[in-house]
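**Student:** Handing you a structure now.
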Amino acid sequence: MKKTKNLNYFTFEHNDEKLLAQAKEADKRYKEGTNRPLEGIPICLKDNIDSTDGSPTTAGSPALLGNHSKTDSQLWHRLKTMGSINLGKTNMNEFALGTTTVNKHYGTAHNPFDPTLIAGGSSGGTAGLVAAGVAPFGIGTDHSGSNRIPSAYCGIVGYRPTVNRWPCDFGIKNTHYKDVAGPLVQDMEDLVLIDEIVSESVEKGLPALKDITVAIPQLHFYENLEPKIQHHMEEVINRLKKAGVKLVQNDGIELTYDQAMTSFHLVNYEFKERLNDYLTVQGLKDKYPTFASLLEHIGSDDVRQLLKALDEHPSTQEQFYDAFFRHRANMRRHIEYYFQYTHCDVILYPSVSLMPSKIEDIHGPQWTVKHNGQEISQFLISTKNVDVASAANMPAITLPSVRNPSKENLPIGVEVASLTGYDRKVISVARALEKVILGTHQ
């Protein structure tokens with residue numbers, strides 16, 4: 001863990017003495033033949049996931065310093081019961097509101113291949129530790145791409161399950177309808193292992209490449225890409241063709257407006273209520289009797305500004321219902337029709353439309369970046385593609401597509417997504433396509 005010390009991946013680390021004692025206990029179990037499926041495997045938890053192992057849950061915020069959960073989240077309880085060892089809590093955008101892991105209190109999580117760049121977010125600390133080999137897998141949470149964006153930027157695999165496939169009571173969340181916990185791992189083999197344990201579902205067998213149909217929807221997903229990503233995706237598509245995968249390339253469907261309305265109003269309506277629920281359970285309402293009193297202790301300027309606007313102009317119940325029952329329903333209906341029309345198993349697209357930004361080039365408090373000649377919102381351009389799966393509740397997996405990534409050859413993530421509840425399908429297809437997309441298929 002020392003080699004990543006200056007990269008700001010942890011918000012809390014368990015001490016060596018405690019970790020060594022747990023490792024010795026695991027070694028004893030192996031010798032006695034009583035080892036569990038994840039016995040002694042070190043993992044890391046994003047700092048919004050509750051555990052009673054001595055690590056606080058702060059959601060990356062000084063407002064919650066010293067907050068120790070009264071109970072284990074169901075997710076951590078399951079992992080702990082299976083033998084995992086928690087190294088500590090990982091850095092994130094404050095309250096998971098961002099895609100950079102620029103954190104004023106804990107410091108910015110740096111990209112493992114080039115420390116002048118962002119690691120992505122909001123699960124940037126988890127992604128960095130897994131990419132650096134400190135932990136074979138970590139647990140993050142995904143609202144609008146928070147697992148998949150840093151996975152793309154750090155060259156690892158990131159999974160967003162369908163809501164309720166994984167335990168949803170993980171800790172501090174922004175909305176019931178979009179937030180999920182999921183793994184960030186080195187490869188699909190590890191993803192299958194951890195998903196089978198957590199979801200208690202046996203994965204499907206590996207399909208033959210010739211039996212897989214992949215749709216390439218040009219509208220939305222392939223628009224306004226950074227040229228380097230555009231050219232790289234052409235190469236990835238050629239790899240799929242050469243491997244015998246059936247491809248359906250067409251215009252696709254227009255999703256932008258329904259996606260934006262769904263995502264904005266769900267979190268704008270729910271955030272205060274979900275946070276209030278958590279503060280009440282943790283006995284923190286005396287400390288923060290009002291939302292405004294909590295805002296005074298927010299560390300990051302951009303998050304404070306965002307939450308102040310949310311407090312002053314919350315979405316109404318009518319807007320929430322309109323977002324959920326009209327805009328979200330429209331998205332899902334159009335997507336389902338597209339899958340039926342193309343007979344595809346998954347859709348495939350670049351996870352993020354731009355390469356990781358230089359930390360010094362992200363201009364706050366609005367967090368804008370220069371992209372294709374325009375100064376635009378870093379959050380909106382980075383979530384453009386991945387948020388479709390979040391808003392429509394689709395299972396999605398980001399896969400690495402660059403062999404031997406380095407400072408000169410940065411990772412680029414490619415995402416596959418399927419229909420709501422089709423997690424076993426998207427996992428089996430991702431397993432089959434993993435080496436093809438990476439360019440190592442023989």
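Take the sequence shown: its position 187, counted from the start at 1, is 187 in UniProt numbering, and no numbers get skipped. Yeah, the Cβ is synthetic: ideal placement off N, Cα and C, and Gly gets one too. Since this is a predicted model, take the numbers as computed values, not measurements.
State the Cα-Cα distance for the pair L184 and P115, rounded to the nearest angstrom.
**Tutor:** 20 Å
**Student:** Go to S406, then tell me how far its beta strand (DSSP E) extends in each direction, as first and last residue.
**Tutor:** Counting along the chain, S406 falls outside any beta strand (DSSP E), and DSSP gives it neither H nor E.
**Student:** Could you give the DSSP three-state label for I298: helix, strand or coil?
**Tutor:** Three-state DSSP puts I298 in coil, outside helix and strand.
**Student:** Helix, strand or coil: which one does DSSP assign to G124?
**Tutor:** helix
**Student:** State the start and end residues of the unbroken beta strand (DSSP E) segment that holds E375.
**Tutor:** 374-377
**Student:** Go through its chain and collect everything with a Cβ distance to G252's Cβ below 6 Å, but skip five positions before and after it.
**Tutor:** P217, Q218, L219
**Student:** Let me know if V388 comes out buried or exposed under the rule of 16 or more other beta-carbons within 10 Å of its beta-carbon.
**Tutor:** buried
**Student:** Classify A208 as buried or exposed, calling it buried when 16 or more other Cβ atoms lie within 10 Å of its own Cβ.
**Tutor:** With fewer than 16 other beta carbons inside 10 angstroms of its own, A208 counts as exposed.
**Student:** Pick from G413, Q374, H363, I362: whose alpha carbon is nearest that of N385?
**Tutor:** Comparing Cα-Cα distances from N385 to each of G413, Q374, H363, I362, the minimum goes to G413.
**Student:** Taking 8 Å as the threshold (C-beta atoms), are M82 and I197 in contact?
**Tutor:** yes
**Student:** In this structure, how does DSSP classify V134 when only helix, strand and coil are distinguished?
**Tutor:** Coil, per DSSP.
**Student:** Give the DSSP bridge partners of P183, in chain order.
**Tutor:** I139
**Student:** Would you mind sorting V429 into buried or exposed? The rule is 16 or more other CB atoms within 10 Å of its CB.
**Tutor:** So V429 counts as buried.
**Student:** State the start and end residues of the unbroken beta strand (DSSP E) segment that holds T57.
**Tutor:** Counting along the chain, T57 falls outside any beta strand (DSSP E), and DSSP gives it neither H nor E.
**Student:** May I ask you to verify whether the region 226-240 touches the region 275-292, counting CB pairs closer than 8 Å and requiring at least 3?
**Tutor:** Output reads no: the region 275-292 does not touch the region 226-240.
**Student:** Once the 5 residues before and after K228 are set aside, which same chain residues still bring their CB inside 7 Å of it?
**Tutor:** Closer than 7 Å at Cβ, skipping near neighbours: M355.
**Student:** Looking only at its own chain, which residues have a Cβ that is under 6 Å from the Cβ of Y177, when we skip the five neighbours before and after it?
**Tutor:** L266
**Student:** Between V102 and the rest of its own chain, which residues show a CB-CB distance below 6 Å, the 5 nearest in sequence each way excluded?
**Tutor:** T108
**Student:** Since C44 is in the beta strand (DSSP E), which residue starts that stretch and which ends it?
**Tutor:** 42-46
**Student:** If you draw a straight line from the alpha carbon of F339 to that of A215, how long is it in whole angstroms?
**Tutor:** F339 and A215 have their C-alpha atoms roughly 8 Å apart.
**Student:** Three Cβ pairs or more, each shorter than 8 Å: is that satisfied between the region 37-57 and the region 133-145?
**Tutor:** yes
**Student:** So what does Y159 bridge to, in DSSP terms?
**Tutor:** Looking at the DSSP assignment, Y159 forms a beta bridge with I397.
**Student:** L75 and P167 - do their beta-carbons sit closer together than 8 Å?
**Tutor:** When the beta-carbon positions are compared, P167 and L75 come within less than 8 Å of each other.
**Student:** Do I362 and Q378 have their beta-carbon atoms positioned less than 8 Å apart in this structure?
**Tutor:** Against a cut-off of 8 Å, the Cβ pair of I362 and Q378 comes out as a contact.
**Student:** Alpha carbon to alpha carbon, how far is D195 from H110? Give it in angstroms, no decimals.
**Tutor:** 28 Å
**Student:** Between the region 141-156 and the region 394-408, do three or more beta carbon pairs fall short of 8 Å?
**Tutor:** Yes, the region 141-156 is in contact with the region 394-408.
**Student:** Check whether the region 43-62 and the region 88-99 are in contact - that is, three or more C-beta pairs closer than 8 Å.
**Tutor:** Taking 8 Å as the limit for Cβ pairs, the verdict is that the region 88-99 does touch the region 43-62.
**Student:** So, using beta-carbon positions, are H14 and G66 closer together than 8 Å?
**Tutor:** no
**Student:** Would F113 pass as a contact of S406 if the rule is Cβ separation under 8 Å?
**Tutor:** yes
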